[in-house]
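If you number the sequence shown the way the numbering used here does, the last residue is 255 and the count never jumps.
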Amino acid sequence: MQSYGKVFARIYNSKWTAFALGLAPVLAAHYETLPVSRGNRRVLDVCCGTGQLLAHFMERGYTGVGVDASASMLEQAACNNRAAVADGRLALVRADAAAFRAGTGFGLAVSTFDALNHLPGEAALASCFRCVHDALAPGGLFLFDLNTASGLRRWNHVNVDESDDTVLINRGIFASDMDRAYTRITGFLRTESGLYERFEETEYNTPFGMDRVRDLLVQAGFPRVRRASRQALGTELPDPEAEARVYFGAQRD
3 MQSYGKVFAR IYNSKWTAFA LGLAPVLAAH YETLPVSRGN RRVLDVCCGT
53 GQLLAHFMER GYTGVGVDAS ASMLEQAACN NRAAVADGRL ALVRADAAAF
103 RAGTGFGLAV STFDALNHLP GEAALASCFR CVHDALAPGG LFLFDLNTAS
153 GLRRWNHVNV DESDDTVLIN RGIFASDMDR AYTRITGFLR TESGLYERFE
203 ETEYNTPFGM DRVRDLLVQA GFPRVRRASR QALGTELPDP EAEARVYFGA
253 QRD
């Protein structure tokens, strides 16, 4: 699976945490309406990144595990959850989302900010679903979001973000002939010495059909699957492919 380097992880930790911070209370509130939540406060975050979403759950008294392919992102996650890591409430594991073991008995599993779009294809996505299924307790809930093909076609853009300590140039393109959306992020980060360090990351998103994702979840052992919006996680969308981003809720058998 794709991974992030040390410089980019530092920038991500300071620039791109708003999504996780805003979504965490929404996911927690939805999970806590379910019967399984009453006796299970264990959360698994697949592709946990820099750990801001996990921090919200730790503050609510959960225990958990964060999985990510990037050692640099996990370093940031450990700093952002220092107390929970130190007292054993949170473990951080470096592993590919398509092939990981994180223990069992979790009531809730999450994967956010279109992280699973970074998997290379359906085989990897199906393998991820099986890994999550094996980690969840009976009746446990898997919540994740994906960019749709419709959303990824909007990636044809160039954005420039300048501040006192960073310069970021983000170039996005949807390559229909390769069935991928690519983003190339080039930038400069000011170091403690006052000099600027250059970095470059090229990442891709794989568009998955929303019906096919549902089918793969059912095959992995999630008989109840809902495709929803962030504003209404309990309501099935009438036309998921028309959305830019879809939130999946899948309960284990």
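No residue lacks a Cβ here, since even glycine has one placed at the ideal position from N, Cα and C. Small disclaimer: the values here were computed from a predicted structure and weren't measured.
Judged by DSSP in its simplified three-state form, E245 adopts coil rather than helix or strand. DSSP, reduced to helix, strand and coil, places D179 outside both helices and strands of the structure shown, so it counts as coil. Take the alpha-carbon of A139 and the one of F108: they are about 5 Å apart.
Each of E34, A30, G196 was checked against the Cα of F59, and the nearest Cα belongs to A30. Rounded to the nearest whole angstrom, the CA to CA distance from A79 to L23 is 13 Å. Note on the stretch 37–124: whole beta strand (DSSP E) runs with a minimum of 3 residues are 44–48, 65–70, 92–96, 108–113, in chain order. Sorting A57, D47, C81, G51 by C-alpha distance to the C-alpha of V67 places D47 at the top.
With contacts defined as CB atoms closer than 8 Å, T150 and F21 fail to qualify as a contacting pair.
In this structure, the CA atom of S74 is about 12 Å from the CA atom of G53.
Contact between the stretch 92–107 and the stretch 125–140 is present: 3 or more CB-CB pairs across the two stretches fall below 8 Å.
Taking a cut-off of 8 Å for Cβ pairs, the stretch 117–134 and the stretch 218–227 touch, as three or more such pairs fall below it.
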